[in-house]
Each structure stands twice: as structure tokens, then as C-alpha cells.
Amino acid sequence: MKKKVLITGASRGLGLAIAKLLAADYQLILHASSPSSFTETIPGADILCADLSDAEQVADFCKQLKKQHGSELYGVINNAGLTFDNSIIYQSEKHIDAMMQVNLKAPIMICKTVMKLFSANGGGVIINMSSIVGESGNAFQAVYAATKAGLVAFSKSLAQEAAALGEDHNIRVLCVSPGYIETDMTANIPHEIKEKYLNMIPAKRLGKPADVAETVCFLLSEKASYINGTNIHINGGLF
Ligand SMILES: NC(=O)c1ccc[n+]([C@@H]2O[C@H](COP(=O)([O-])OP(=O)(O)OC[C@H]3O[C@@H](n4cnc5c(N)ncnc54)[C@H](OP(=O)(O)O)[C@@H]3O)[C@@H](O)[C@H]2O)c1
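Counting along the sequence shown from 1, when you hit position 77 you're at 77 in UniProt numbering, and nothing is skipped either side.
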């Protein structure tokens, strides 16, 4: 029987690329804000939707995840995220709350549920989607960067906490931090800024969703069983 893996934000971009790569080897549970968000169908995948900016929907999502898939869950990719780029002076509280809720609090609540399930199941892997800006910072992305930095500290702490659950629990918790990857999230960045990044990237190209998907696929596998509590950068050398 295939192991079950949840991917949040799997309707497009990085989440969809991860889902397409993992589909052959895992039984997928795919999440987006609504069933109508999905731009492609992954045959055989289960769909579980929730608006992660709404705390009540997150609580219900966690309940459904536990009820429908709890005892068979092996992996969780907390990938859903959003950004509202703006100067902090003009950033609305509504947008600050949405970024905090979707990028940080929802993954925390999902991890809270999943750590308990993994503890009962004897193990599992959590991969949280951070960002290069969580380490480097970025003008006009101060709140987004703060949420992504928070995810790194949270993931490292959970990996250490997992060890305290005892030797019979094989739980790994990781972060991945993409650099500039071509998806909807980066589609509206002005041409001149894209050119600026291109000149700064030693790999001399922007990242593709498959670059991130391949890394996630490896980290999820047994081949990565000694990689834990760390943050893996996928950025072509950009810093
Ligand atoms: N692209 C990059 O260069 C880059 C770099 C570093 C980090 N990242 C991170 O990688 C992750 C994926 O990014 P992406 O580029 O693939 O973004 P994307 O193409 O904009 O896709 C975002 C995904 O998150 C979901 N999502 C957004 N808001 C949501 C909400 N309120 N409730 C539920 N789901 C929600 C979307 O679902 P709907 O379709 O239903 O809206 C969608 O599936 C994000 O966490 C992002 O911060 C991206």
C-alpha cells in the first residue's frame, strides 16, 4: 500500500509540481482553498480544501485530516502561502493577518495535529515551505519574510521536540527555502527586477517548480533519513 502524503496549496505552482512528481509513489491528499482552484487533476488523489486564512476552517481541516487519513499519514508538505508586497508603512492589518495566518499559523496548527498522529503512527516527515527571504530579508516583503523565518525556527524546534518523544518515533521535520521560482507568485514582478535577479543568480537562470519538487521528493524519501531539523536552500546560488 502507498504511503499517504498531504500537500497544501497543490492547485498550482510549486504544490502542483510536487504533487505531479510524488503521484506515482504516494497516495496523495491535495489541498487548496477551494476545489475549483485546481488547474490540473491528479488521478486517484483525495481532495481536502480549506481557506487557511480562516482559523475555523483550519481547525475543521485538521479534524477531517485526522478522521479520514490519520492512521495512514506518512508525509506533510506545508506549501500553501501568499504574499502582499508593500512598504510596511502602507501594509494593511488585514494583509498582515492573512500572511501570518496562511504562512505561519495554519502550518503550525497542521503540524500540531500531525505530530500527534506521527507519534501514534511511529513516524513521518514534515516539510515546511519557507523562502530565501526568511534568511536574507527583502524590502517590501517584511511581513512575508517574518512568516517564512518563523517557519524555519518552528521546524527546527519541532525536529528537536520529536526526538524527545522517544527512540521509537522516527519523525523528521524540515524546511525548504526556494529562491526565485517561476510561478503565479512571481509572475507580476517587473521585468527589470527579474533581470536584476538573473544577474545575481550564479546558476544564470530563474528556478523552475521542478527544481523544488525534486528536492522535496528526495527529502521525503528514506534516502534522506539522516537529514533532519534543517533548512535546505534551492536558489541557484543566489544570496
Ligand atoms: N515562487 C517562488 O519564487 C517562491 C519562493 C520562495 C517561497 N515560495 C513559497 O512556496 C509556496 C508556494 O508558492 P507558489 O509560488 O507555488 O505560489 P502560487 O502559485 O501563488 O500558489 C499558492 C498556493 O497556495 C494556496 N493558497 C494561497 N492562499 C491560500 C489560502 N488562504 N487558503 C488556502 N490555500 C491558499 C493556493 O491555493 P488557491 O489556488 O486555492 O488560491 C495555491 O495552491 C508558498 O508558501 C510560497 O511562499 C515561493
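For each residue, glycine too, the CB sits at the ideal point set by N, CA and C.
With a threshold of 16 other CB atoms inside 10 Å of the CB of H31, please say whether the residue is buried or exposed.
-> Within the sequence shown, numbered from 1, the residue matching residue 31 stands at position 31. Buried.
For D211, does the count of other Cβ atoms within 10 angstroms reach 16, so buried, or fall short, so exposed?
-> Counting from one through the sequence shown, the residue named residue 211 turns up at place 211. With 16 or more Cβ atoms within 10 Å of its Cβ, D211 is classed as buried.
For T215, count neighbouring C-beta atoms within 10 Å of its own C-beta (all shown protein chains included) and say buried if the count is 16 or more, exposed if not.
-> Residue mapping note: residue 215 aligns to position 215 of the sequence shown, counting from 1. The residue in question, T215, is buried, as its Cβ has 16 or more Cβ neighbours within 10 Å.
Alpha helix (DSSP H) runs wholly inside the segment 174-202, at least 4 long, in chain order | 184-187 and 191-200
By Cβ distance, which residues of its chain are closer than 7 Å to K66, with the 5 residues on each side in sequence left out?
-> Along the sequence shown, one-based indexing puts residue 66 at 66. These residues qualify, in order along the chain: T113 and L117.
Would you call the CB atoms of D60 and Q141 closer than 8 Å?
-> In the sequence shown, counting from the first residue as 1, residue 60 sits at position 60. In the sequence shown, counting from the first residue as 1, residue 141 sits at position 141. No; because the gap between Cβ atoms is not below 8 Å, this pair is not in contact.
For the segment 85-98 against the segment 118-129, are there 3 or more C-beta pairs whose distance is under 8 Å?
-> no
Report whether the distance from the Cβ of Y180 to the nearest heavy atom of ligand 1 is below 7 Å.
-> Translated into positions along the sequence shown, residue 180 becomes position 180. Yes, ligand 1 has a heavy atom inside 7 Å of this Cβ.
By Cβ distance below 8 Å, which residues in the same chain neighbour D51 in space, the five residues on each side in sequence not counted?
-> Locating residue 51 in the sequence shown gives position 51, counting from the first residue. S33, S34 and Q57.
Enumerate in chain order the residues of its own chain whose CB-to-CB distance from C217 is below 7 Å, with the five nearest sequence positions on each side excluded.
-> Locating residue 217 in the sequence shown gives position 217, counting from the first residue. Result list for C217: L21 and L22, in chain order.
Measuring from the CB of D184, is there a heavy atom of ligand 1 at a distance below 7 Å?
-> Within the sequence shown, residue 184 is the residue found at index 184, counting from 1. It does: the Cβ of D184 is within 7 Å (strictly closer) of some heavy atom of ligand 1.
Cα separation between N170 and Y74?
-> Working through the sequence shown from its first residue, we reach residue 170 at position 170. Working through the sequence shown from its first residue, we reach residue 74 at position 74. In a straight line, the C-alpha of N170 is about 11 Å away from that of Y74.
Helix, strand or coil for G15, going by three-state DSSP, please let me know.
-> Mapped onto the sequence shown, residue 15 falls at position 15. Helix.
So what does DSSP say about M1, is it helix, strand or coil?
-> In the sequence shown, residue 1 corresponds to position 1, counting from 1. Of the three classes helix, strand and coil, the one that applies to M1 here is coil, per DSSP.
With DSSP run on the structure shown, which of helix, strand or coil describes L28?
-> Your numbering for residue 28 matches position 28 in the sequence shown. If DSSP states are grouped into helix, strand and coil, L28 belongs with the strands.
Helix or strand or just coil, what does DSSP make of L158?
-> Counting from one through the sequence shown, the residue named residue 158 turns up at place 158. It is helical.
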